[in-house]
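Report on one structure; see the data block that follows.
4 protein chains.
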Amino acid sequence: MYRFTNDYSEAAHPAILQAIAETSCEGNFGYGCDEHTARAAALVREVCAAPDALVQFLVGGTQTNLLAAAAFLRPHEAIIAAQSGHVCVHETGAIEATGHKCVAMPAEDGRLTPAAIRAAVEQHPDEHMVKPRMVYISNTTEVGTVYTTAQLEEIRAVCDELDLLLYLDGARLGSALALGCTTFADLARLCDAFSIGGTKNGALFGEAMVIVNPALQKDFRYIVKQRGALLAKGWLLGVQYEKLMENGAALYLEMAAHANGMAAALREGLAAHGYRFAPESPSNQQFPVLPDALLEKLEGRFHWEVMGRADDAHTVIRLVTSWATRPEAVQAFVAALD
Amino acid sequence: MYRFTNDYSEAAHPAILQAIAETSCEGNFGYGCDEHTARAAALVREVCAAPDALVQFLVGGTQTNLLAAAAFLRPHEAIIAAQSGHVCVHETGAIEATGHKCVAMPAEDGRLTPAAIRAAVEQHPDEHMVKPRMVYISNTTEVGTVYTTAQLEEIRAVCDELDLLLYLDGARLGSALALGCTTFADLARLCDAFSIGGTKNGALFGEAMVIVNPALQKDFRYIVKQRGALLAKGWLLGVQYEKLMENGAALYLEMAAHANGMAAALREGLAAHGYRFAPESPSNQQFPVLPDALLEKLEGRFHWEVMGRADDAHTVIRLVTSWATRPEAVQAFVAALD
Amino acid sequence: MYRFTNDYSEAAHPAILQAIAETSCEGNFGYGCDEHTARAAALVREVCAAPDALVQFLVGGTQTNLLAAAAFLRPHEAIIAAQSGHVCVHETGAIEATGHKCVAMPAEDGRLTPAAIRAAVEQHPDEHMVKPRMVYISNTTEVGTVYTTAQLEEIRAVCDELDLLLYLDGARLGSALALGCTTFADLARLCDAFSIGGTKNGALFGEAMVIVNPALQKDFRYIVKQRGALLAKGWLLGVQYEKLMENGAALYLEMAAHANGMAAALREGLAAHGYRFAPESPSNQQFPVLPDALLEKLEGRFHWEVMGRADDAHTVIRLVTSWATRPEAVQAFVAALD
Amino acid sequence: MYRFTNDYSEAAHPAILQAIAETSCEGNFGYGCDEHTARAAALVREVCAAPDALVQFLVGGTQTNLLAAAAFLRPHEAIIAAQSGHVCVHETGAIEATGHKCVAMPAEDGRLTPAAIRAAVEQHPDEHMVKPRMVYISNTTEVGTVYTTAQLEEIRAVCDELDLLLYLDGARLGSALALGCTTFADLARLCDAFSIGGTKNGALFGEAMVIVNPALQKDFRYIVKQRGALLAKGWLLGVQYEKLMENGAALYLEMAAHANGMAAALREGLAAHGYRFAPESPSNQQFPVLPDALLEKLEGRFHWEVMGRADDAHTVIRLVTSWATRPEAVQAFVAALD
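Line by line, the protein sequences are chains A, B, C and D.
14 is the number of the first residue of the first sequence in our numbering; add one for each residue after it.
14 is the number of the first residue of the second sequence in our numbering; add one for each residue after it.
14 is the number of the first residue of the third sequence in our numbering; add one for each residue after it.
14 is the number of the first residue of the fourth sequence in our numbering; add one for each residue after it.
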């Protein structure tokens, strides 16, 4: 069985597991007040060219997003997100459970546009409605597409004009960065806050929240603790992000590049067989539209997720690659298309 | 430097780390929908003699407690806890952030009494006040003391009489169990829900929430996801609890017994030198009252936490032992008392 | 200046004001524990043929809706509503501030359909999403349309099938009832809970929440108090609803019938001049599409609210009538169309 | 039956009722966007010598307090209050339902001291605990005692030193002001925000929230709407506060002075008969400690609330006077003591 189910089916890259094992009995201080965490945060600031950013390591993605809502917004302030955005759909109302509304806007291939952001603000003109205050985007998006630096600059401009915060969910940031469409430093320059996802890119678990805007930094650890997100053995996150971020995030980018490469091979194989994608994606998630008959044939040998029906005879599936995807898995899949 | 700082200064028992490494590339399903998690839950149910309990593995203790509040209570319902209870003091208002009040009651050596529970209910007679609905206790308590099965039965009786739920925070449950003062099966018989702490007893991280009362089980996973507590790589928790719970929780109890033994040696050494405790504790946390001059002498060689001043010349400190505490550390400490 | 701005521009019907003045110095008990409130609740139960309903009088409409969310739902449960529904748009995220998500569905002329309800449930299949649990409808709707008893029965059927609660916002219920499209007793038979709006139908202020489903009644007053909605001088609501509900809700229905009649006269006058409506409404809110040139002419003599642009030369406006609308106001408006 | 039950047993002073009736059909704009509300707010600012204060009229006291918590605090910030404070006990966890903890401190005769405030801050030193941020006091207090301007200045000083906000609940402010122990202008100078209670001093209902600190003013109306506290017929509040506040709050102070006078007569009568108070109060609430035999005799002719047992043979009761208390009621009570 070859799995293209997702990018969090393996525990961690061996180098990460080894680092955790090696530091196990050092006797580190708890709650992230240790030297590994301090060094990891420094590496994140360095790679982001953001010497004053607050870096907080967290365990999971929904946790990271709900902390952004809880910490950055006043009660009546809302999030603007693509209607396919993770916060709108797949977090069981985590944002609403912090008291905030998500204003879901139509998106283009999973990307929120400056026009949609502007429309969201215009649709909420007075105190009888929530006040849109924070733009949520994810890079790569939920459908595998990416925001380039140029696109992020356009979004930043509309945020500045409309007094909005920009928060970027980087659960799959590695894939976007490894494609070269943006950089750590550009994100730090353009976002008020963003996360650098580890869980889906080779870490055992972990998201690094990078808060660039000084006005959002105050007392963030209180909110982290209050929401049950302050890991007792916080150095476990520090040790991992030291490995991921050292040498200019070499391991982080290398793992993401591998995942992208595997996905590209899948995409090319599928395209060569004439299959289309819904939508096309350059990153480690591929969404081919496949004949049901083919899927029946593939079942049992490969694993994927079903996204929905395309028509009477076709289904959109999701194929995900990761740092751990082996070339022979991709070759087997492409071969099976014949 | 010998550390008695806490019981979460090491990553994990080697057997736990090894199990995680060995299963790293199995390609498990996410979010706890894997076979390790299923088997671990079955082992917990077995050791608790609670075949119908719902077992949910979680990452941290504050997270576990706030989920109990969010999932088990209606908005106007409150928690009754000892004023020294973790939920009252050391969780940054995590319970209140779910909308619920903690009614803090005076305690005896960290233990909530049936009389205090009754008083809390009597002090809240009508709809102008919150309605006490769930009793929170921890075993061992925050000051190292324990509830015996007999004491738990008394609390259960008052809960039954007053229509209260009983929730037991087992962040340090191993220590209480290894002392023989209660059993997994007694907890399952007497509590509506309780947790089995892993973080402070040899796991990399993890708390097992055991929901015995069927009325509290419905849709619990929704609440877990909503609060950002559904670990993507959920099998990491399953793999750990398999190890901890197999063979009648042999490893779990063995590690706790070691910690208790080390604490007993500290306690006896301190008592032999005439020092008293505030309060006396049979478990892996010891709270000796020591002369400031002695502490000055010990500083630099040993690490502990300061609890507070006892008088002008004495300080209450906390010494914590764990599965990883070595006998030579204890011997060195006792020797240093001379 | 003739005002068609809204139906809450006058304080109250003279009979209501008189009743408040007459009972001012009776020395009533506070918080609704008085005999007026008891009698008013009995009258509501009687008119609804719902002898076991819990009736709670409240001050405002957003307050009433947010109490339904807070009291009837568990944290992960969501409301299904028309995307034009008051809870989705015009309550500043009041529902989200109780922690719950509103799932906004496309509607037909402001009415939620059984198909849309079913779709909402189907789009939320598992614990990674909120769980739709309560259907919110308003009668009359935000755009003046109504649900007939037959339509409510269809919605009830889908609610029963999908294990959903049905809550009806009756802020403008009088208008719907006076049209004869449904009855108090049908609402009590078909809804789990509903409100009987006073504010927009001649009361000084007030909404009567009628909780028919016994499972939703427990401790409701606690939630009312907790959200700041338990009026100290609760008898003010009792006295008003006594007047509104006595003699089979005679005054309540009479005032609503007057408002409907005035609206009908407006509608007929507008239709006679060839104007269309967006949408057509039988109730006390009319939404004509009028030429901008005409509106310019009418401005200063009449007051209305603008709903939006219809095209380059036309605007949709809202004209609202009430118990206090005088025939000469309507005649003047229709005459001005010439 | 003479009632000393509370100060909200009558609807309103006749002048208030008359003003509401007279303006009933003016056709005012909704939600407080009317000229009465604007004029009333101007009068409040004038009487407070606070030209830049934001004044928001609200319906009830719990509502006012929970809005202060929701609007002024970030999620981890807590309120410091006397353990007898209304927010700690008698609001069904309304503050906690906004997500905030109340830190209850021992008080002296219902008054929070600077020392207790300092202690509360010192007991919460780090991010594992909530962060005390807003001091809540009520004037008069829940047990009838008052804060003088000098005492408020001491509290302000400790708030400034410790970076705390000061919020004063003025549900019974009239009584304190009429005693001359402080002034509107002193409150505006010393508090970040405070309320001017109408419900318990002759209004039909109403609390005026006065937000002096500009940093707390932004978007307050959004929060008001979100919590269901924006009255549709907002001018009802404006009309009342116009009457209460015109001519230097003449009617407001006159009614409170009458209530205080009636309470003084009760107090003197009771003292003359040798009864003591628990505690002594100068304001419109009196808490005599009376023999049970006497209470038995008085029952049926007078109404009061029982506060608790003083000893085996004595009970503490509460007698409350208001603008509507008649001298003959007081005389009858005092005569009955013989």
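Don't be surprised by glycine CBs; every beta carbon is placed ideally from N, CA and C.
Handout entry: Distance CB(C/A216)-CB(C/A53) smaller than 7 Å
Key = Taking the first residue of the third sequence as position 1, residue 216 of chain C is located at position 203. Taking the first residue of the third sequence as position 1, residue 53 of chain C is located at position 40. No; because the gap between Cβ atoms is not below 7 Å, this pair is not in contact.
Worksheet entry | Interface partners of B/A112 on chain D, CB under 9 Å | Here residue 112 of chain B refers to the residue found at position 99 of the second sequence. Correcting the residue identity first, residue 112 of chain B is Gly in this sequence and not Ala. Going along chain D in sequence order, the residues near B/G112 (Cβ under 9 Å) are G106, E109, A110, T111 and G112.
For B/V319, does the count of other Cβ atoms within 10 angstroms reach 16, so buried, or fall short, so exposed?
The residue labelled residue 319 of chain B in the question sits at position 306 within the second sequence. Classification for B/V319: exposed.
**Residues that C/P88 contacts on chain A, provided the C-beta gap is smaller than 7 Å** = In the third sequence, residue 88 of chain C corresponds to position 75, counting from 1. Simply A110.
- Can you tell me the Cβ-Cβ gap for A/I209 and A/L192, rounded? I've got them flagged as a contact below 8 Å. For the purposes of this step, residue 209 of chain A is identified with residue 196 of the first sequence, where counting begins at 1. For the purposes of this step, residue 192 of chain A is identified with residue 179 of the first sequence, where counting begins at 1. No, A/I209 and A/L192 are not in contact; Cβ-Cβ is about 15 Å, not under 8 Å.
Subject >> Neighbourhood of A/F290 by C-beta distance below 6 Å, restricted to the same chain and skipping five residues each side >> reply: In the first sequence, the residue the question calls residue 290 of chain A occupies position 277. Excluding positions up to five away in sequence, the list reads F300 and P301.
Between the C-alpha atoms of D/M258 and D/V60, what's the straight-line distance to the nearest angstrom? The residue labelled residue 258 of chain D in the question sits at position 245 within the fourth sequence. The residue labelled residue 60 of chain D in the question sits at position 47 within the fourth sequence. Approximately 8 Å between the Cα atoms of the pair.
Original post:
What three-state label does DSSP hand B/P127 in the structure shown?
Top reply: Reading the second sequence from its first residue, position 114 is the one you call residue 127 of chain B. Note: B/P127 maps to helix in three-state DSSP.
* Hey, which unbroken runs of the alpha helix (DSSP H) at 4 residues or more fall wholly within the stretch 171-210 of chain D? -> Complete alpha helix (DSSP H) runs here, min 4: 186-191 and 197-203.
Quiz item: Which residues of chain D have a Cβ atom closer than 7 Å to the Cβ of B/V102, listed in chain order?
Solution: Taking the first residue of the second sequence as position 1, residue 102 of chain B is located at position 89. The answer, in chain order, is M142.
Problem - Per-residue DSSP class, three states only, for B/P145 - result: In the second sequence, the residue the question calls residue 145 of chain B occupies position 132. DSSP, read as helix, strand or coil, puts B/P145 in strand.
(Q) What does the alpha-carbon distance come out to for the pair C/L222 and C/A117? (A) Along the third sequence, one-based indexing puts residue 222 of chain C at 209. Along the third sequence, one-based indexing puts residue 117 of chain C at 104. Residue identity check: residue 222 of chain C is Met in the sequence provided, not Leu. Cα-Cα distance, rounded: 23 Å.
Identity of the residue in D/P88, D/L80, D/L244 and D/P27 nearest D/N41 by Cα:
Along the fourth sequence, one-based indexing puts residue 41 of chain D at 28. Checked all of D/P88, D/L80, D/L244 and D/P27; the closest Cα to D/N41 is D/L244.
Check whether the stretch 266-283 of chain A touches the stretch 142-149 of chain A, taking contact to mean three or more Cβ pairs, one atom from each stretch, closer than 8 Å.
no
Worksheet item: How do the stretch 157-172 of chain C and the stretch 124-138 of chain C stand: do at least 3 beta-carbon pairs fall below 8 Å, yes or no?
Response: yes
Whole-angstrom distance between C/A206 and C/Y265, CA atom to CA atom: Working through the third sequence from its first residue, we reach residue 265 of chain C at position 252. Working through the third sequence from its first residue, we reach residue 206 of chain C at position 193. If you take the alpha carbons of C/Y265 and C/A206, they lie about 19 Å apart.
Under 7 Å, Cβ to Cβ, is there at least one residue of chain A near D/K238?
Along the fourth sequence, one-based indexing puts residue 238 of chain D at 225. It does: the Cβ of D/K238 has a partner Cβ on chain A nearer than 7 Å.
**Asked** Using a Cβ cut-off of 8 Å, which residues of the stretch 63-88 of chain D contact any Cβ in chain A, in chain order?
**Response** A83, A84, R87 and P88
- List the endpoints of the continuous alpha helix (DSSP H) containing C/F346. Mapped onto the third sequence, residue 346 of chain C falls at position 333. That run of the alpha helix (DSSP H) goes P340 to A349.
Checklist entry - Which residues, in chain order, does the stretch 211-245 of chain A contribute to contact with chain D at a C-beta distance below 7 Å? => result Within the stretch 211-245 of chain A, the residues whose Cβ lies closer than 7 Å to some Cβ of chain D are D232, R234, Y235, I236, K238 and Q239, listed in chain order.
request  = Spell out whether any CB of chain A is found under 7 Å from the CB atom of B/L30.
outcome  = Translated into positions along the second sequence, residue 30 of chain B becomes position 17. It does; some Cβ of chain A falls within 7 Å.
**Q.** B/V134 versus D/T158 - alpha carbon distance
**A.** Residue 134 of chain B sits at position 121 when you count from the first residue of the second sequence. Residue 158 of chain D sits at position 145 when you count from the first residue of the fourth sequence. Distance between the alpha carbons of B/V134 and D/T158: 28 Å.
**Prompt:** Excluding sequence positions up to five away, which residues of its chain have a Cβ less than 8 Å from the Cβ of D/R131?
**Reply:** Position 118 of the fourth sequence, counting from 1, holds the residue named residue 131 of chain D. Taken in chain order, the residues that qualify are V171 and L175.
Three-state secondary structure assigned by DSSP to B/L264: The count along the second sequence starts at 1 and reaches residue 264 of chain B at position 251. Looking at B/L264 - three-state DSSP - the assignment turns out to be helix.
- prompt: Does DSSP put B/M222 in a helix, in a strand, or in coil?
  reply: Sequence index remark: in the second sequence, residue 222 of chain B carries index 209 (1-based). Strand at B/M222.
Practice item. Have a look at A/L307, A/S188, A/A342 and A/L178 and flag the residue whose alpha-carbon is nearest the alpha-carbon of A/L86. Key: Walking along the first sequence from the start, residue 86 of chain A turns up at place 73. Comparing Cα positions, the closest option is A/L178.
Following the continuous beta strand (DSSP E) through C/T75, name the residue where it begins and the one where it ends. What you label residue 75 of chain C is simply residue 62 of the third sequence in a count that begins at 1. Run containing C/T75: none in the beta strand (DSSP E); it sits in the alpha helix (DSSP H), G74 to F85.
Where does C/G43 fall in DSSP's three states?
-> What you label residue 43 of chain C is simply residue 30 of the third sequence in a count that begins at 1. Here C/G43 sits in coil by DSSP.
Grouping DSSP H, G and I as helix and E and B as strand, with all else coil, what is A/L56?
-> Position 43 of the first sequence holds residue 56 of chain A. Correct three-state label for A/L56: helix.
query: Mind checking if A/R16 is an interface residue toward chain B, Cβ cutoff 7 Å exclusive?
result: Here residue 16 of chain A refers to the residue found at position 3 when the first sequence is read from its first residue. Output row for A/R16: interface = yes.
**Request:** Counting only the same chain and skipping the five closest in sequence on each side, list residues whose C-beta sits under 7 Å from that of D/P88.
**Result:** Against the fourth sequence, residue 88 of chain D aligns to sequence position 75. Answer for D/P88: G112, listed in chain order.
Report task. Output the distance between the C-alpha atoms of D/K310 and D/L332, rounded to the nearest integer angstrom. Result -> Mapped onto the fourth sequence, residue 310 of chain D falls at position 297. Mapped onto the fourth sequence, residue 332 of chain D falls at position 319. Straight-line Cα distance between these residues: approximately 16 Å.
**Study point:** Simplified DSSP state of A/T315, which is helix, strand or coil
**Key:** Looking up residue 315 of chain A in the first sequence gives position 302. Position check: residue 315 of chain A holds Phe in this sequence, whereas Thr was assumed. Note: A/F315 maps to strand in three-state DSSP.
Practice prompt. Just grab the DSSP bridge partners of A/C118 for me.
Written response: As a first step, residue 118 of chain A must be located in the first sequence, where it is residue number 105. Before going on, a small fix: residue 118 of chain A reads as Met here, not Cys. Beta-bridge partners assigned by DSSP to A/M118: A/A95.
B/R331: first and last residue of the uninterrupted beta strand (DSSP E) it sits in: Taking the second sequence and counting its residues from 1, one reaches residue 331 of chain B at position 318. H327 to V333 is the extent of the beta strand (DSSP E) around B/R331.
Residue range of the unbroken alpha helix (DSSP H) whose run includes D/Q136
Mapped onto the fourth sequence, residue 136 of chain D falls at position 123. Looking at the DSSP string, D/Q136 is not in any alpha helix (DSSP H), and its letter there is neither H nor E.
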